[in-house]
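Participant: Under the working numbering, think of the first position of the sequence shown as 945, with each following residue one higher. Don't be surprised by glycine CBs; every beta carbon is placed ideally from N, CA and C. On a predicted model such as this, the values are computed, not experimentally measured, just so you know.
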Amino acid sequence: MDRAGGASLSSPGNLRAGRHVLKRRGGFALGVSKVLRIHFTTADLIQTRVAAAADPFWEMVLSRRRLFEQDTALVLRPWVEQMRPQSGSSQLRPGLVALAALSPRGPYFPDFMTPAQAAAGFDAGMDAVLSTPRLRLSAEIAKLATTSELPTWVRRMSDGEPEVLTALDKSLRAYYEGAIKPLDAQIQSRVDADRQRRGRDLLDGGIDQLLAGFAPTMRWRAPVLEVDYPVQRDLYLGGRGLRLVPSFFCRGTPVALADPELPPTLVYPIDHDSHWEIAGTKSLADLLGNTRATVLHAIDGGATTTELARRVATSLASVSRHTAVLREAGLIETQRRGAAVLHTLTPLGESLLSNERRPIAPSLLTA
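#1: Would you call Ser-1034 buried or exposed, if buried means 16 or more other Cβ atoms sit within 10 Å of its Cβ?
#2: Could you tell me whether the segment 1126-1140 touches the segment 1168-1184, where touching means 3 or more Cβ pairs closer than 8 Å?
#3: Using only the alpha-carbon positions, how far apart do Pro-1106 and Ser-1075 sit?
#4: Apart from the five residues just before and just after Val-1269, which ones in its own chain have a Cβ nearer than 8 Å to its Cβ?
#5: I need the straight-line Cα distance from Tyr-1212 to Ala-1159, nearest angstrom please.
#6: Give me the residue from Leu-1079, Glu-1121, Ser-1047, Asp-1103 with the minimum Cα distance to Leu-1088.
#7: Excluding five sequence neighbours on each side, which residues of the same chain lie with their C-beta closer than 6 Å to the C-beta of Gln-1145?
#8: Out of Thr-1197, Thr-1209, Leu-1011, Glu-1013, which one is the CA nearest neighbour of Leu-1179?
#9: Helix, strand or coil for Val-1285? Go by DSSP, reduced to three states.
#10: Look up Pro-1190 in the DSSP assignment and give the residues it is bridged to.
#11: Let's see if you can read the secondary structure: which residues bound the alpha helix (DSSP H) around Glu-1067?
#12: Three Cβ pairs or more, each shorter than 8 Å: is that satisfied between the segment 1271-1288 and the segment 1235-1253?
#13: So Pro-1038 and Ala-987 are in contact, right, with Cβ under 8 Å, and what is the actual spacing, rounded?
#14: Who are the near neighbours of Gly-1069 in its chain, counting only those whose CB is closer than 7 Å to its CB and skipping five residues on each side?
#15: DSSP three-state call for Glu-1294: helix, strand or coil?
#16: Please identify the residue among Leu-1297, Leu-1079, Arg-1008 whose C-alpha is closest to the C-alpha of Gln-1030.
#17: Relative to the C-alpha of Phe-1192, which residue among Arg-1100, Val-1005, Thr-1091, Gln-1026 is closest?
#18: With DSSP run on the structure shown, which of helix, strand or coil describes Glu-1107?
#19: With distances taken between CB atoms, is the gap from Thr-1090 to Pro-1051 smaller than 7 Å?
#20: Would you kindly report the start and end of the unbroken beta strand (DSSP E) that includes Arg-1049?
#21: On the three-state DSSP scale, how would you describe Glu-1013?
#22: Let me check understanding here. Comparing Cα to Cα, which of Pro-1174, Ala-1086, Glu-1013, Arg-1049 lies closest to Thr-1161?
#23: Does the ligand SAH have even one heavy atom less than 6 Å from the beta-carbon of Met-1101?
#24: Output the boundary residues of the alpha helix (DSSP H) element that contains Gln-1240.
#25: Which of helix, strand or coil does DSSP assign to Leu-1018?
#26: Look up Leu-1112 in the DSSP assignment and say whether it is helix, strand or coil.
#27: Please tell me whether Val-1135 and Ala-997 are closer than 7 Å, where the distance is taken between their beta carbons.
#28: Per DSSP, which one or two residues make a beta bridge with Ala-1200?
#29: DSSP has Ala-1247 in a bridge; who is on the other side?
#30: For Val-1175, report the span of its alpha helix (DSSP H) as first-last.
#31: Please report the Cβ distance between Arg-1010 and Leu-1018, rounded to the nearest whole angstrom; I am assuming they are in contact, meaning their Cβ atoms lie under 8 Å.
#32: Please look up how many angstroms separate the CB atoms of Asp-1055 and Ala-1273, rounded, as I've assumed it's under 8 Å.
#33: Pull up the DSSP beta-bridge partners for Lys-978, would you.
#34: Quick one: grab the DSSP three-state call for Glu-1205.
The following block contains the structure:
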């Protein structure tokens, strides 16, 4: 809110609240050397479950991150190319400003932005955000202020001012309706596919195989689940169990709540369907197959095996199989660079990609 009066979440000064580049909890694959250690008891194993749907508030927070990344995963580029030109619109801009201020790239963002009640849908989640107890609201915003520069309206929000909360409701609702809800069917389809996989793991090998199946970003070493994470941290479930939430917009490492006293939640990235990943590559997909065509595009400019796995949102083993076929076909060449393996296009591979996609429009906001 502007100091002069009416609620405004879209003034240029407010955009700076989101300009943070520190790695925070989750969503980053590069440079991860620390782990979140989640400690289970027998009671926790019984209470652990996988959510039936993506969480709309986690999707909003994480989608804003993806929207302004320099190295956007190929699986999300069609969405990014559609949304970036609209990022300055009256529908999306206020919500993006609010998300930038309240969930910046930094070491922390408030847990009230991703309430557990959102499992029941956007309206339930929004009601929970707006009814956050004043003491908690004030405490979490005060903690955010230690790592981020906050616009005036966020500080007024910590006082529970109704006008600011109403503006927040309006802006987030508009962003959700314009950027997330149109993907509902796509998101649910991928979540259903992920849950089928988790269900098979559980039926075939019990809870041990379920938790082991989240490799490579998670490693089950009973009774501890180790999760790739930007900071070293331990979370003791203490009989509460763990709620695993599949996410369409989470990329790289999983994400957890900051407050260990809240219901334990771990948001993790799901695999994407390659059919919608790249526009204008149907003929190449017909020749190579969808996934292999996607891998070939991802190699343009050079990429390591790990980078390819992140960009295409698949496993290292799958990437290795596809690069082997592309190499044997003379489309790429591979060189070892220290501990990494670098893949580049050959002249033949470059010729196949001569019909390049159009450049992504510059963003009006930056993360």
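Facilitator: Let me lay it out:
#1: exposed
#2: no
#3: 11 Å
#4: Arg-1236
#5: 11 Å
#6: Ser-1047
#7: First, the residue type needs correcting, since residue 1145 is Asp and not Gln in the sequence shown. Correct list, in chain order: Gln-1153, Leu-1154, Gly-1157.
#8: Thr-1209
#9: strand
#10: Tyr-1212
#11: Per the sequence shown, the amino acid found at residue 1067 is Asp instead of Glu. Per DSSP, Asp-1067 belongs to the alpha helix (DSSP H) from 1066-1074.
#12: yes
#13: That belief does not hold up - the Cβ atoms of Pro-1038 and Ala-987 are roughly 44 Å apart, past 8 Å.
#14: Pro-1000, Phe-1001, Pro-1059, Gln-1061, Ala-1062
#15: helix
#16: Arg-1008
#17: Val-1005
#18: helix
#19: no
#20: Run containing Arg-1049: none; DSSP gives neither H nor E here.
#21: coil
#22: Pro-1174
#23: Of the ligands one can find in the structure shown there are none, so the ligand SAH has no counterpart to examine.
#24: Just to set this straight, residue 1240 is Leu in the shown sequence, not Gln. Note, Leu-1240: alpha helix (DSSP H), 1234-1243.
#25: helix
#26: helix
#27: yes
#28: Leu-1210
#29: His-1287
#30: That residue, Val-1175, is in no alpha helix (DSSP H); it is neither H nor E in DSSP.
#31: At roughly 12 Å, the Cβ-Cβ gap does not stay under 8 Å, so Arg-1010 and Leu-1018 are not in contact.
#32: Asp-1055 to Ala-1273, Cβ: 49 Å. No contact.
#33: Tyr-1173
#34: coil
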